[in-house]
Amino acid sequence: MSIESPSTAESTSIPQEYHELHEVFSKEKATQLPSNHPWDCAIDLLPNVMLPKCRVYPLSLPESKAMEDYIEDALAAGNIRLTTSPVAAGFFFVKKKHGGLCPCIDYRRNFKNTNGDD
Numbered sequence: 324m325s326i327e328s329p330s331t332a333e334s335t336s337i338p339q340e341y342h343e344l345h346e347v348f349s350k351e352k353a354t355q356l357p358s359n360h361p362w363d364c365a366i367d368l369l370p371n372v373m374l375p376k377c378r379v380y381p382l383s384l385p386e387s388k389a390m391e392d393y394i395e396d397a398l399a400a401g402n403i404r405l406t407t408s409p410v411a412a413g414f415f416f417v418k419k420k421h422g423g424l425c426p427c428i429d430y431r432r433n434f435k436n437t438n439g440d441d
């Protein structure tokens, strides 16, 4: 495995003491999923549980557009996929400190119906 040097823009924004860890700060690497491994696992639902109803969070027009863009980008990158699953999770945004929106997915109700021992 070779280690590439960070781009000029990346290296100027990363403090010198962290340059050897530049891949952690790579925007390109952040858009890629890791490869599959034998230790990957499934999240199994508990048997005979009632699936929770998904709460629909009201979104403003800019948030609705941002959600559409987020879904389009995540589908294109392979981070999410289309599904027919009856399980859903609420989706909303939190405003970032310096502007912009941070997508948040509320999985808490879904986690209550999983086997936590897996």
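Start counting the sequence shown at 324; every next residue gets the next number (the numbering used here).
Just so it is clear, CB atoms sit at the ideal spot from N, CA and C, and this is done for glycine as well.
In this text, all values refer to a predicted model and were calculated from it rather than measured experimentally.
Residues in the same chain with beta-carbon distance under 8 Å from residue i, minus the five sequence neighbours each way, listed in chain order, please.
{"i": "Gln339", "result": "none"}
{"i": "Arg431", "result": "none"}
{"i": "Glu391", "result": "none"}
{"i": "Ile478", "result": "The first residue shown for the chain is 324 and the last is 441, placing residue 478 beyond what the model contains."}
{"i": "Ala397", "result": "Ile403"}
Does the distance from the CB of residue i to the CB of residue j come in under 9 Å?
{"i": "Phe414", "j": "Tyr380", "result": "yes"}
{"i": "Leu374", "j": "Asn436", "result": "yes"}
With distances taken Cα to Cα, identify the nearest neighbour of residue i among the options.
{"i": "Leu386", "options": "Pro409, Pro426, Asp363 and Thr354", "result": "One point to set straight first is that residue 386 is Glu, not Leu, in the sequence displayed. Of the candidates Pro409, Pro426, Asp363 and Thr354, the one whose C-alpha sits nearest the C-alpha of Glu386 is Pro426."}
{"i": "His401", "options": "Ile337, His342 and Pro357", "result": "Reading off the sequence, residue 401 comes out as Gly, not His. Out of Ile337, His342 and Pro357, Pro357 has the C-alpha closest to the C-alpha of Gly401."}
{"i": "Val417", "options": "Glu346, Asn436 and Leu382", "result": "Leu382"}
{"i": "Lys376", "options": "Tyr393, Cys364, Val410 and Leu368", "result": "Val410"}
{"i": "Leu424", "options": "Ser336, Phe348 and Tyr393", "result": "Tyr393"}
{"i": "Ser349", "options": "Asn359, Ser336 and Pro361", "result": "Ser336"}
{"i": "Ser408", "options": "Leu368, His421 and His360", "result": "Leu368"}
{"i": "Gln355", "options": "Glu343, Val372, Ala399 and Glu395", "result": "Ala399"}
Using a Cβ-Cβ cutoff of less than 6 Å, which residues in the same chain neighbour residue i once the five nearest sequence positions on both sides are dropped?
{"i": "Glu346", "result": "Lys352"}
{"i": "Ile366", "result": "Thr437"}
{"i": "Ala389", "result": "Leu424"}
Can you find the residues in the same chain that come closer than 7 Å, C-beta to C-beta, to residue i, ignoring five residues on each side of it along the sequence?
{"i": "Lys419", "result": "Cys425"}
{"i": "Val372", "result": "Asn436"}
Could you tell me which residues DSSP pairs with residue i in its beta bridges?
{"i": "Leu368", "result": "Thr437"}
Subject >> Every unbroken alpha helix (DSSP H) inside the segment 377 to 437 [4 residues or more] >> reply: Runs of the alpha helix (DSSP H) inside the segment 377 to 437: 384 to 400 and 431 to 434.
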